[in-house]
Amino acid sequence: MKKEVILAILIGLGMGLFITYGVYRVKSSIATPQVTDLEQATDASPTTTATPALIAIHNPEHGKVQSESTITVTGTTTENAYVVLFVNDDDSISTSDDTGNFSFEVDLEDGVNYITVHVVKNDGTTATDERIVIVSDALDTLENPEATESAETTTDTTVEEQ
Amino acid sequence: MYFSKDLTAQASVAELAVTTDELAVELQPDPTEVIEETTESLEDTAEKGIEQVKKYLDAGRVQGVLKNMFDNHHGIVGEVQRINDDALTIKNKQGTTILVIDDTTVLITKDKTAIKLNDIAVGNWVTLLGYKDGEDFDPKVVNVSSNSPRPDTQLVLLGMIKEITSKKVTILDRATGEERTFVFTKSSSVEDVSGEEVSISDFEEDVTVLISATTTDETEDFDVVTLRSVASLDDLR
């Protein structure tokens, strides 16, 4: 009887030690990757200090169709960055303000206009975005042919008068 | 004695009450004046309001706002990939799109001449004008061209001049650390920091510049569109 009690105690102690060791191993395995992550973050920090240039064009929306031959292009990027805007092959240069906003008033050509905005940060990193604006009154003519005819007549009359 | 004092006090109180009443009457604003002041104030406010309304009801402004509110005009540009009896498959930067086109209701033109859908060839470029409703696009006009309307490939960079002649400039790209050579053309613009036109000879090595350039062939050197100093050339001298 006494032997059986001692044996039960020993088995209990053994199981307890086994479980404790298991818990210790699990804790260690969880803790180790955390240290590794931190080391990786520290190692990675020098390369992530340079944030890439960002750009968002607010106006115009892509695929805009208008009859007017000028447009205001507005957007946001990094503050005080160089902003180069191309309308097809012609460029204009400006800078974004202290809040990163930029604005250009540009002339458009009849037909398709590719408006491409390039921003260049002081560290030389760049970002680009593009919009297409089509200058055409074809849809207005379809919607209101009489007005267009009337306008054409007025123009013709003016020409004749000249 | 006490009785006499009390009477005097009562008389003083009565006088004071009368004086206070007179003062109250004097201090009380004249209703006519109040009405006039209120009317004037209301008139001012109304005038300002009318001015504001007039400003917003300016014909051009109203037309502009209404146009923006209801403007669903939309355009798509792309290269033709495939033509079916009633559809056009086009490709552009946004991806590939199949557009159903009924050439009995959609006006298709090439070089200002009306053509049929089947007259369009693979590789042609099309500009479709129509109406956008959410994600749906309803084309009404299709302009066909043999040539791409896309501008030349563009490049913009910030860097330091390593070498400059009347024909070429080599720049060390600040972002990549690589050297790139650009060719000056007749239409190249060479500018000081203010955008004022200067001569190529005003630039020298180690000057930091912003350059915009284009090319039709990316294997060749880009053509300079604008070379601009980022600091005053006078200060650098």
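Heads up: the protein sequence lines correspond to chains A and B, in order. Numbering-wise (this note's numbering), the first sequence opens with residue 632 and increments by one. Numbering-wise (this note's numbering), the second sequence opens with residue 777 and increments by one. Cβ atoms here follow ideal geometry from the backbone N, Cα and C, with glycine treated the same way.
Within the continuous beta strand (DSSP E) that includes residue 774/A, where are the two ends?
Premise fails: residue 774/A lies in the alpha helix (DSSP H), 769 to 774, not in any beta strand (DSSP E).
Would you say residue 1003/B reaches chain A, if we count a Cβ-Cβ gap shorter than 8 Å as a contact?
no
So, for residue 930/B: in the same chain, excluding its five sequence neighbours on each side, which residues have a beta-carbon less than 6 Å away from its beta-carbon?
990
Through-space distance from residue 899/B to residue 738/A, alpha-carbon basis:
29 Å
Chain B partners of residue 719/A, CB-CB under 7 Å?
927
Interface flag, residue 765/A vs chain B, CB-CB below 8 Å:
yes
If we ignore side chains and look at the alpha-carbon of each, how far apart do residue 922/B and residue 826/B end up?
56 Å
Would a C-beta distance cut-off of 8 Å place residue 883/B and residue 917/B closer than the cut-off?
yes
Determine the extent of the alpha helix (DSSP H) in which residue 1010/B is found, giving its start and end residues.
1009 to 1012
Enumerate in chain order the residues of its own chain whose CB-to-CB distance from residue 722/A is below 7 Å, with the five nearest sequence positions on each side excluded.
715, 716
Are the beta-carbon atoms of residue 947/B and residue 980/B separated by less than 8 Å?
no
For chain A, is any of its Cβ atoms less than 8 Å away from the one on residue 852/B?
yes
Between 688/A, 775/A, 700/A, which lies nearest to residue 731/A when the distance is taken from Cα to Cα?
688/A
Starting from residue 807/B, follow its DSSP beta bridges and name the residues at the other end.
DSSP, once it has assigned bridges, lists no residue as partnering residue 807/B.
Closer than 8 Å by beta-carbon distance: list the chain B residues that pair up with residue 754/A, in chain order.
950, 951
If the cut is a Cβ gap below 8 Å, which residues of chain A does residue 1014/B touch?
Nothing about residue 1014/B can be read from this structure; chain B reaches only from 777 to 1013.
Taking only beta-carbon positions, decide if residue 731/A is within less than 8 Å of chain B.
no
Can you grab the Cα-Cα spacing for the pair residue 643/A / residue 682/A, in whole Å?
59 Å
Report yes or no: is there a C-beta of chain A within less than 8 Å of the C-beta of residue 917/B?
yes
Are the Cβ atoms of residue 706/A and residue 852/B separated by less than 8 Å?
no
Element boundaries [beta strand (DSSP E), containing residue 871/B]:
871 to 876
For the structure I just gave you, are there three or more beta carbon pairs, one from the region 953 to 973 of chain B and one from the region 992 to 1011 of chain B, closer than 8 Å?
yes
Exposed or buried, residue 697/A, counting other C-beta atoms within 10 Å across all chains shown (16 or more means buried)?
buried
According to DSSP, simplified to helix, strand and coil, what is residue 817/B?
helix
Per-residue DSSP class, three states only, for residue 920/B
strand
Is residue 964/B close to chain A, meaning its C-beta is less than 8 Å from at least one C-beta of that chain?
no
Is it right to say residue 810/B is buried, meaning 16 or more other beta carbons lie within 10 angstroms of its own, or is it exposed?
exposed
Would you kindly work out how many angstroms separate the C-alpha atoms of residue 936/B and residue 749/A, rounded to a whole number?
19 Å
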